[in-house]
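Visitor: Dropping the structure in here first, questions after.
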Amino acid sequence: MLNIQTFSKDDFDRYCSHLVQTHPLVHCMTNDVVQEITADVLLAAGASPAMIIDEHESADFAAIADCLLVNVGTLTDDRYKAMLLAVEACCRHSKPWVLDPVAAGLLPWRDERVSELARKKPTVIRGNASEILSLAGMGQGGHGVDSKDDSRDAVNGAAALAKRYDCVVAVTGETDFVTDGKRLLSVSGGDVMSTLVVGTGCSLSALVAAYCAQSDCPLEATAAALKMAKLASETAASVSQGPGSFHPAYLDALYRLARNHF
Amino acid sequence: MLNIQTFSKDDFDRYCSHLVQTHPLVHCMTNDVVQEITADVLLAAGASPAMIIDEHESADFAAIADCLLVNVGTLTDDRYKAMLLAVEACCRHSKPWVLDPVAAGLLPWRDERVSELARKKPTVIRGNASEILSLAGMGQGGHGVDSKDDSRDAVNGAAALAKRYDCVVAVTGETDFVTDGKRLLSVSGGDVMSTLVVGTGCSLSALVAAYCAQSDCPLEATAAALKMAKLASETAASVSQGPGSFHPAYLDALYRLARNHF
Amino acid sequence: MLNIQTFSKDDFDRYCSHLVQTHPLVHCMTNDVVQEITADVLLAAGASPAMIIDEHESADFAAIADCLLVNVGTLTDDRYKAMLLAVEACCRHSKPWVLDPVAAGLLPWRDERVSELARKKPTVIRGNASEILSLAGMGQGGHGVDSKDDSRDAVNGAAALAKRYDCVVAVTGETDFVTDGKRLLSVSGGDVMSTLVVGTGCSLSALVAAYCAQSDCPLEATAAALKMAKLASETAASVSQGPGSFHPAYLDALYRLARNHF
Chain L
1 MLNIQTFSKD DFDRYCSHLV QTHPLVHCMT NDVVQEITAD VLLAAGASPA
51 MIIDEHESAD FAAIADCLLV NVGTLTDDRY KAMLLAVEAC CRHSKPWVLD
101 PVAAGLLPWR DERVSELARK KPTVIRGNAS EILSLAGMGQ GGHGVDSKDD
151 SRDAVNGAAA LAKRYDCVVA VTGETDFVTD GKRLLSVSGG DVMSTLVVGT
201 GCSLSALVAA YCAQSDCPLE ATAAALKMAK LASETAASVS QGPGSFHPAY
251 LDALYRLARN HF
Chain E
1 MLNIQTFSKD DFDRYCSHLV QTHPLVHCMT NDVVQEITAD VLLAAGASPA
51 MIIDEHESAD FAAIADCLLV NVGTLTDDRY KAMLLAVEAC CRHSKPWVLD
101 PVAAGLLPWR DERVSELARK KPTVIRGNAS EILSLAGMGQ GGHGVDSKDD
151 SRDAVNGAAA LAKRYDCVVA VTGETDFVTD GKRLLSVSGG DVMSTLVVGT
201 GCSLSALVAA YCAQSDCPLE ATAAALKMAK LASETAASVS QGPGSFHPAY
251 LDALYRLARN HF
Chain A
1 MLNIQTFSKD DFDRYCSHLV QTHPLVHCMT NDVVQEITAD VLLAAGASPA
51 MIIDEHESAD FAAIADCLLV NVGTLTDDRY KAMLLAVEAC CRHSKPWVLD
101 PVAAGLLPWR DERVSELARK KPTVIRGNAS EILSLAGMGQ GGHGVDSKDD
151 SRDAVNGAAA LAKRYDCVVA VTGETDFVTD GKRLLSVSGG DVMSTLVVGT
201 GCSLSALVAA YCAQSDCPLE ATAAALKMAK LASETAASVS QGPGSFHPAY
251 LDALYRLARN HF
C-alpha cells in the first residue's frame, strides 16, 4: 500500500499559473451530452477547447493541439475510428492524452474498446471508482454512468492499473486519488452538488488534459486539475441554491481561480 | 367526451416520493440539442440519466435501465436503428418507454418512422398539440418544432390515439392533458417562459419516463411528471428575469421539489 | 478602402421590430457543441429554431423554414451531405442562408468543404478574423477555433471575399465589420467576457440568419444581429461575475431587447 500525500492549494497555484500562461489548446473528443460544459470549463479555466471529431481531421488536429481528451460516453463506430487515429497521432507527436472510460464495466462492446484505448499509452486515465475498478478487473459495474463504489476502495485498483499501463490513474469521488503506481496523491474538498450537474466529471477529464499539456509531471498536473475543480465546487456550493445555480457558479469560480494567475 | 379530472399537488407528492426512493436509471435516446438539459432535469428531479445511443449497446442497456426515452428530434438512420433495438428490448423485458414525436406532421421521412415507433407499444406518447393531432391524423403540422394548436383542441385526438395504440397520451401546452382513452387528467400551472428555453419539453418526456419506471399506473405517473414541471416552472418564473435565468432556476426548483421527498 | 459607417442603435431597433413581428423559423445545421445555446439565443431574441440535420429531411425543411444556418464546427461526411442538400434547396427557394466557417485555415479537409460551400451563394459569411482572412486567401489559421488576428486587419479580406462570392461578409471581434464589397458597416460595443462562453460566436451566426429572413438588405440585417449581440453582451457583463453567470444574463438581455419590440 502506497503512502498518501495530500496535494495542497500551494501545489495547485504553481500548476495553475503554468496553465494560464501557456493557454493550451485542448483537442476534445467527448460525448454528445457534455460538449458545452466541457468547452465552458476549459475556457473559464484559461485553456482553449476545440472539438474536432471526424476521422478526416482528428489525426491532423491532434498534431496541432497541445493535448487530447478521449471520452467514450456516446461512442459509435465512426467516433471510435476517429479517436484511434487521434490517439496514434498523439503518441507519434509525444502529446499527452487522457482517457475517460465512461460507464466501463456495464456493456461488453464498450469495454472492448475502452481496453483497446487503455493499451494505447494514455497519459492519464480518469474515472469514478466503479469505472476504475472495472478496468482493473476488480469491479462489477456502476449504476448507469454513476459509481456504486467509494473512491477510497478503488485506490489499490488504480495503482494496479497505473502499473499495468504505465500511466497516471485518477479515481474521483468524495476524495480524489491520483497515482502513477509509485506515488499516491489525495485531493480533498469539493461538494456533492457537483454530482447533480451533468458533465462535471467529463469536463474534469478535459481539465486534466489541459494541465498535462507541456507538463513534466502528469501525476501532479492531474492532481492540480482535480484540486481546481474541488476548490471551484466548494465556492459554487456556497453561493448556489441547487444544481441549476451551481453550474454557472462553478464556471465563475473556475474563472476567478484562473484570473488570480493572469 | 371524457370527464376531466384535475391532477392535484397531493397526487404528485405520492409519485414524487416513489421516484426519489427508487432513483430510476433512465435510458435516454434523444436529440442533439437537449442532451444536457435532459440529463440535468433527471438529476435534479432524483433520477439517474444515461445516454447510450449506438446500435451495439442500445438493446443491452435497455435491459439494464429502468425505462427508456425515445425522442426523434435529430433523427438519423443510425440513431433510428439503435432506437428500434432498444424499444424491442424494452418490450421483451417489460420496461416502460416514452415516445417524443418531435415535429411530427412536418416531414414525410420522419412521420413514417414516428408511426413505426408508435406501433411498437410505447407506454406513453408525449407531444405538443400539433404533434399529437398529426399522429392522430387530425393535424396540419406545427411551426417547425413549436405547436400551432392549443392543447385543449388536441384532447379528442389524444384520446383517439391512446385507444389506437393502447397507451397513455400526454399533450402539453398552457394546460396539459393526459389520457389512456378511458380517463382524462388535466395538469394546470406552469409559465409561458418555459417555451423560450430549449429542451423543457424534451426533458419533460424524459421525466415522464422516470416517473413511469416501476409504476403500476402510467396515466397518473405521467401526470405527476407534468405536475412537477408545472410547479418548477412557476417557481422559476417568479425568480427569473428572462429565459436565461429561468433555466438554472427551473433546475433548482425541480431539485427542491425532489428534496422534500428524500 | 471603403468608408466605415457606424451602425447605430436606432438602425438596430427597426430591424429588431421586423424580426419580432415575423418570428422567423431558423433551420440550424450547426456543430455538436453549440446546439443548446444556438436554440436558446434564437428563442430569446424572438425567432424559432429547428435543428433538422439529416439528408433525408434537410432539403424538405429548408423549403419550409425562413432561413438556414450552416456551421462546419464538427463536420462529418453525413452532415456535410445533408448541408449541401439544404443549401441547394435554399437557392432554389430563394431563402437566405448563412455560412459559419469555423476553424477555416487549420485543416485541409475542412477547408475544401468550406470553399465548396462558399461557392454555393451564401447570403452571409460570418467568421472571426482568422477564418475570414483564411477564406480570402490572406491568412495563416487561428489558435484552434479562436482568432489570432484582429477584426480590423481582416476588413480588406472581408471586402475581397464579399466581391468574390457576391455576398455579405461579417468579421466579428472587438469591433465587428460587415461589408458587401460596396458598403462597410462597423458595429461597436460588446464585452470580452463573451469570448469565454462557448457558442456566443456560433449562435450569433444563427441570429444573423434570423435577421436576414425576409429582409431586403442582408448587409444591414447582419449588422442588426451583431448589434443585438453587442448590446446584450454589455448588459450581461455589467451584471455577471464571470463566464458562468454571463451566459444566462446574455440570454436575459437578448430577451429584453426583443421584448421592447413586441
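Protein chains in written order, with the UniProt record's numbering: chain L, 1 to 262; chain E, 1 to 262; chain A, 1 to 262. Note that the Cβ used here is the ideal one computed from N, Cα and C, for glycine as well.
1) Is Gln5 (chain L) close to chain E, meaning its C-beta is less than 8 Å from at least one C-beta of that chain?
2) Mind listing the chain A neighbours of Ala225 (chain L)? Cutoff is C-beta to C-beta under 9 Å, in chain order.
3) Please list, in chain order, the chain A residues whose beta carbon lies closer than 8 Å to that of Ala44 (chain L).
4) Is Gly201 (chain E) helix, strand or coil when you go by DSSP?
5) Of the residues E:Glu131, E:Asp216, E:Val198, which one's Cα is nearest the Cα of Ala158 (chain E)?
6) By the 10 Å Cβ neighbour count, where 16 or more other Cβ atoms means buried, how is Pro122 (chain L) classified, buried or exposed?
7) Check whether the Cβ of Asp60 (chain L) lies closer than 8 Å to any Cβ atom in chain E.
8) Grab me the residues of Asp176 (chain L)'s own chain with a C-beta within less than 6 Å of its C-beta, minus the 5 sequence neighbours each way, in chain order.
9) Is Ser151 (chain A) closer than 8 Å to Val171 (chain A) when the C-beta atoms are compared?
10) For the alpha helix (DSSP H) that contains Leu2 (chain L), what are its first and last residues?
11) Reducing DSSP to helix, strand and coil, say where Pro218 (chain L) ends up.
12) Helix or strand or just coil, what does DSSP make of Pro243 (chain L)?
13) Which one or two residues does DSSP pair with Arg126 (chain E) in a beta bridge?
14) Please report how far the alpha carbon of Pro108 (chain L) lies from the alpha carbon of Phe12 (chain A), in whole angstroms.
15) Based on the DSSP output, what are the partners of Ala82 (chain A) in its beta bridges?
16) Which residue marks the beginning of the beta strand (DSSP E) containing Phe61 (chain A), and which one marks its end?
17) Candidates E:Asn31, E:Gly127, E:Val168: which alpha carbon is nearest Asp54 (chain A)'s?
18) If I follow the unbroken beta strand (DSSP E) through Val114 (chain E), where does it start and stop?
19) Would you say Met193 (chain L) reaches chain B, if we count a Cβ-Cβ gap shorter than 8 Å as a contact?
20) Going by beta carbon distance, what residues of the same chain come within less than 6 Å of Ala65 (chain A), once the five residues before and after it are set aside?
21) Val192 (chain E) to Glu174 (chain E), Cα distance in whole Å?
22) Measuring straight from C-alpha to C-alpha, what distance separates Met1 (chain L) and Asn156 (chain L)?
23) Scan the stretch 56-80 of chain L for residues whose Cβ lies nearer than 9 Å to a Cβ of chain A and list them as they occur along the chain.
24) Please list the residues of the stretch 103-127 of chain E that have a C-beta atom closer than 8 Å to any C-beta atom in chain A, keeping them in chain order.
25) How about Leu254 (chain A) and Ala45 (chain A): do their beta carbons lie closer than 8 Å?
26) My output table needs one value for Ala229 (chain A): the three-state DSSP class, helix, strand or coil.
27) Beta-carbon within less than 6 Å of Gln140 (chain L)'s beta-carbon, same chain only, minus the 5 sequence neighbours each way: which residues are those?
28) Name, going along the chain, the residues of the stretch 124-153 of chain L whose beta-carbon falls closer than 7 Å to a beta-carbon of chain E.
29) From the DSSP output, which residues share a beta bridge with His143 (chain L)?
30) Sort A:Leu135, A:Val198, A:Ala160 by Cα distance to Glu36 (chain A) and report the nearest one.
31) What residues from chain E crowd round Glu36 (chain L), counting only those whose CB sits closer than 8 Å?
32) For Pro218 (chain A), which residues of its own chain have a beta-carbon under 7 Å away from its beta-carbon, when the five flanking residues on both sides are left out?
33) Would you mind reading off the limits of the alpha helix (DSSP H) that contains Ser17 (chain A)?
34) For Leu204 (chain A), would you say it is in contact with chain E, using Cβ-to-Cβ distances shorter than 8 Å as the test?
35) Helix or strand or just coil, what does DSSP make of residue 343 (chain E)?
36) For Met228 (chain L), which residues in the same chain have their Cβ closer than 7 Å to its Cβ, ignoring the five residues on either side in sequence?
Guide: In short, the structure shows the following:
1) no
2) Those do not exist, as Ala225 (chain L) stays about 18 Å from chain A at its closest Cβ, beyond 9 Å.
3) Leu196, Gly242, Pro243, Gly244
4) helix
5) E:Glu131
6) Here Pro122 (chain L) is buried. Its C-beta has 16 or more other C-beta atoms within 10 Å.
7) no
8) Val187, Leu226
9) yes
10) The continuous stretches of alpha helix (DSSP H) do not include Leu2 (chain L), and DSSP gives it neither H nor E.
11) Residue state for Pro218 (chain L) is assigned as helix, using DSSP reduced to three classes.
12) helix
13) E:Ala170
14) Spanning the two alpha carbons is a distance of roughly 56 Å.
15) None; Ala82 (chain A) has no bridge partner.
16) Where Phe61 (chain A) is concerned, there is no enclosing beta strand (DSSP E), although the alpha helix (DSSP H) it sits in stretches over 58-64.
17) E:Asn31
18) In the DSSP assignment, Val114 (chain E) falls outside any beta strand (DSSP E) and lies within the alpha helix (DSSP H) extending over 108-118.
19) Considering every chain present, this structure includes no chain B. Its protein chains are L, E and A.
20) Leu25, His27
21) 7 Å
22) 7 Å
23) His56, Glu57, Asp60, Phe61, Ile64, Ala65, Asp78
24) Flagged, chain order: Ala103, Leu106, Leu107, Pro108, Trp109, Arg110.
25) Yes.
26) Looking at Ala229 (chain A) - three-state DSSP - the assignment turns out to be helix.
27) none
28) His143, Gly144, Val145, Asp146
29) L:Asp146
30) A:Val198
31) Glu36
32) Pro96, Thr123, Val124, Val168, Cys212
33) 9-22
34) no
35) The structure shown does not extend to residue 343 (chain E), since chain E spans only 1 to 262, so no value can be given for it.
36) Phe12, Cys16, Ala45, Leu207, Leu254, Leu257
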